[in-house]
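Enquirer: Numbering (my numbering), first residue to last: 1296 to 1404. No residue lacks a Cβ here, since even glycine has one placed at the ideal position from N, Cα and C. The structure's right below; bear with me while I get my questions together.
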Amino acid sequence: GEVAVTDVLALPQQPPEGIFNVLPTSVYPSDHLLIGASLNIEVPGLTPEQLAAAHALAAEAPPQRKGKPTDEEKAALQEHGRRRREFEVGLSMSQLQLLPWRQKKGKAK
1296 GEVAVTDVLA
1306 LPQQPPEGIF
1316 NVLPTSVYPS
1326 DHLLIGASLN
1336 IEVPGLTPEQ
1346 LAAAHALAAE
1356 APPQRKGKPT
1366 DEEKAALQEH
1376 GRRRREFEVG
1386 LSMSQLQLLP
1396 WRQKKGKAK
């Protein structure tokens, strides 16, 4: 994603009162003085290709039935889970939230 600083508040003309009575400089930047800034953060999403691949992978999910799965069903579920984890490698948290299997039921976009 991209981060752009859209506004930064000016430092006060006088140092603050009390124990932290210095203003930051380029040589001694502040680690305690709150400096106000507005940021515009572009959260990365999924490309159309990634989203299509995610929906295709979700559609291939084996059915989950109630009760204990057979060995074949268990193997299919584990294989599909492995493929989903492999798909998720390298995605950011915001991208992971867009995946069909990560969305809550009834909230698909």
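Can you find a C-beta in chain C that's less than 8 Å from the C-beta of PRO1343?
Expert: As a matter of chain content, chain C is missing from the structure shown, which is built from one protein chain.
Enquirer: Look at the alpha carbon of VAL1384 and the alpha carbon of GLU1312, and state the distance between them as a whole number of angstroms.
Expert: Against the sequence shown, residue 1384 aligns to sequence position 89. Against the sequence shown, residue 1312 aligns to sequence position 17. Straight-line Cα distance between these residues: approximately 49 Å.
Enquirer: Near LEU1334, what residues of its chain come up, given a Cβ to Cβ distance below 8 Å and the 5 sequence neighbours on each side ignored?
Expert: Residue mapping note: residue 1334 aligns to position 39 of the sequence shown, counting from 1. Excluding residues within five positions, the ones whose Cβ falls inside 8 Å are VAL1298, ALA1299, VAL1300, THR1301.
Enquirer: Could you check whether the segment 1367-1380 touches the segment 1337-1347, counting it as contact only if at least three pairs of C-beta atoms, one from each stretch, sit closer than 8 Å?
Expert: In short, these stretches do not touch, since the Cβ pair count stays below three.
Enquirer: Name, in chain order, the residues that DSSP records as bridge partners for SER1389.
Expert: Along the sequence shown, read from residue 1 onward, the residue named residue 1389 stands at position 94. For SER1389, which the question treats as bridged, DSSP gives no partner whatsoever.
Enquirer: PRO1358 to LEU1386, Cα distance in whole Å?
Expert: As a position in the sequence shown, residue 1358 is number 63, starting the count at 1. As a position in the sequence shown, residue 1386 is number 91, starting the count at 1. Each residue's alpha carbon lies about 26 Å from the other.
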